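The numbering of the sequence shown is my numbering, which starts it at 727 and goes up by one.
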Amino acid sequence: MSTPLMQQYAQVKSRYPDTILLFRMGDFFETFDEDAKVTARVLGITLTRRGNGTAGETPLAGFPHHALDAYLPKLLKAGHRVAICEQLEDPKQAKGIVKRDVIEVVTPGVAFSDKVLDQKRNNFLTAIALPGPLATGMDTCGLAFVDVSTAEF
């Protein structure tokens with residue numbers, strides 16, 4: 727039987743299926759199921775199981791929330807998109823299950839944190855605009871790029 731916490735996790739995960747969901751539980755970020763297997767492998771942390779020996783045990787891997795700055799870059803450098811789901815209220819004040827939601831989705835291509843970006847090389851982001859159905863017959867396109875480390879255009 728699924729617990730209210732795991733139901734909350736499943737609801738959030740369903741909105742971000744193509745990410746590794748880091749789900750804040752107290753002082754830890756936890757991952758479950760396939761996310762846990764990938765996270766354990768990429769980060770070199772222990773893969774365990776949640777379910778107290780029942781047939782429906784769920785793979786689990788996690789790390790202390792204060793270690794996010796150390797672990798997030800490793801997940802991104804391995805090519806993964808990461809959704810960070812935080813507790814939105816103080817667990818001591820919560821009536822029932824703690825409210826949680828994704829506060830940020832970080833991808834290898836759109837990472838702005840100094841802890842994630844490689845400071846020894848340029849980190850370019852490029853946008854291309856092609857003529858669309860409303861084009862006025864002009865054969866033009868647009869191109870813009872920025873170094874997100876220095877904000878140079």
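A virtual CB, placed ideally from N, CA and C, is assigned to each residue, including glycine.
This structure is a prediction, so every number in the text was calculated from the model and none was measured.
First through last residue of the beta strand (DSSP E) which encompasses residue i
{"i": "R750", "result": "I746 to M751"}
{"i": "L869", "result": "G868 to D873"}
Residue closest to residue i, alpha-carbon to alpha-carbon, out of the options
{"i": "E760", "options": "Q737, V831 and T745", "result": "T745"}
{"i": "P799", "options": "V872, A766, T774 and P834", "result": "P834"}
{"i": "R767", "options": "Q737, R776 and G788", "result": "G788"}
{"i": "T729", "options": "I771, K818, T784 and L851", "result": "T784"}
{"i": "L801", "options": "V764, L851, P857 and P790", "result": "V764"}
Residues sharing a beta bridge with residue i, DSSP
{"i": "Q813", "result": "R826"}
{"i": "G770", "result": "G770 is not bridged to any residue."}
{"i": "R775", "result": "P785"}
{"i": "V808", "result": "I746 and V832"}
Contact check, residue i vs residue j, beta carbons under 8 Å
{"i": "I829", "j": "I810", "result": "yes"}
{"i": "F755", "j": "L748", "result": "yes"}
{"i": "R750", "j": "R807", "result": "no"}
{"i": "L769", "j": "Y797", "result": "yes"}
Residue range of the alpha helix (DSSP H) that includes residue i
{"i": "D795", "result": "L794 to K803"}
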